[in-house]
Amino acid sequence: MDHRNLKDCALLVGYNPEGLCVYSTQLPLADYWDGEHVWDTDTGVQDLRLERVHGYLFEPSGELMQEFESIFDIATGIYKSGWQKHSDGTYHVDAA
Numbered sequence: 341m342d343h344r345n346l347k348d349c350a351l352l353v354g355y356n357p358e359g360l361c362v363y364s365t366q367l368p369l370a371d372y373w374d375g376e377h378v379w380d381t382d383t384g385v386q387d388l389r390l391e392r393v394h395g396y397l398f399e400p401s402g403e404l405m406q407e408f409e410s411i412f413d414i415a416t417g418i419y420k421s422g423w424q425k426h427s428d429g430t431y432h433v434d435a436a
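Quick note: the sequence shown uses the numbering used here, first residue 341, plus one each step.
Have a look at this one:
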């Protein structure tokens, strides 16, 4: 992915269980860190049937700071599991 024009932002894409995109946005990192997200409430997850969010976080320099994926239970709207891959090479998996 050529992401040199993506700077100081978050690129987020959400999918339903069928693999269809039901959510996508690009927003400044400050808004990502401090803002409300559709997956912050169980009803937000349930209304969209948002099963998976894949995100890319870019530093002001344009470097990819973090890539992550979050998995939600669409029946309850609760976060189930996920992973994060950081620019320093560390990889973290949340317990399911």
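Don't be surprised by glycine CBs; every beta carbon is placed ideally from N, CA and C.
Segment limits, alpha helix (DSSP H) that includes residue i
i: residue 382; result: 382 to 388
i: residue 369; result: 369 to 374
When the options are compared against residue i, the one with the closest alpha-carbon
i: residue 363; options: 435, 398, 386; result: 386
i: residue 411; options: 367, 348, 366, 359; result: 359
i: residue 419; options: 393, 371, 400; result: 393
i: residue 351; options: 415, 367, 361, 345; result: 367
i: residue 373; options: 357, 355, 349; result: 349
i: residue 404; options: 369, 432, 361, 415; result: 369
i: residue 356; options: 432, 345, 430, 415; result: 415
Close-in-space but distant-in-sequence residues of the same chain around residue i (CB under 7 Å, 5 per side omitted)
i: residue 378; result: 363, 384, 388, 390
Residue i - containing beta strand (DSSP E), residue span
i: residue 350; result: 349 to 355
i: residue 432; result: 431 to 434
Beta-carbon separation (whole angstroms), residue i vs residue j, contact threshold 8 Å
i: residue 347; j: residue 401; result: 7 Å
Residues near residue i by beta carbon distance below 6 Å, same chain, minus five either side
i: residue 434; result: 421, 422
i: residue 417; result: 382, 385, 386
i: residue 408; result: 395, 424
i: residue 413; result: 420
i: residue 397; result: 350, 405, 406
i: residue 431; result: 425
Neighbourhood of residue i by C-beta, 8 Å cutoff - its chain only, sequence neighbours within 5 removed
i: residue 345; result: 402
- Going along the chain, which unbroken runs of the beta strand (DSSP E) with 3 or more residues stay wholly within the region 392 to 427? Fully enclosed beta strand (DSSP E) runs of 3 or longer: 392 to 398, 404 to 413, 418 to 426.
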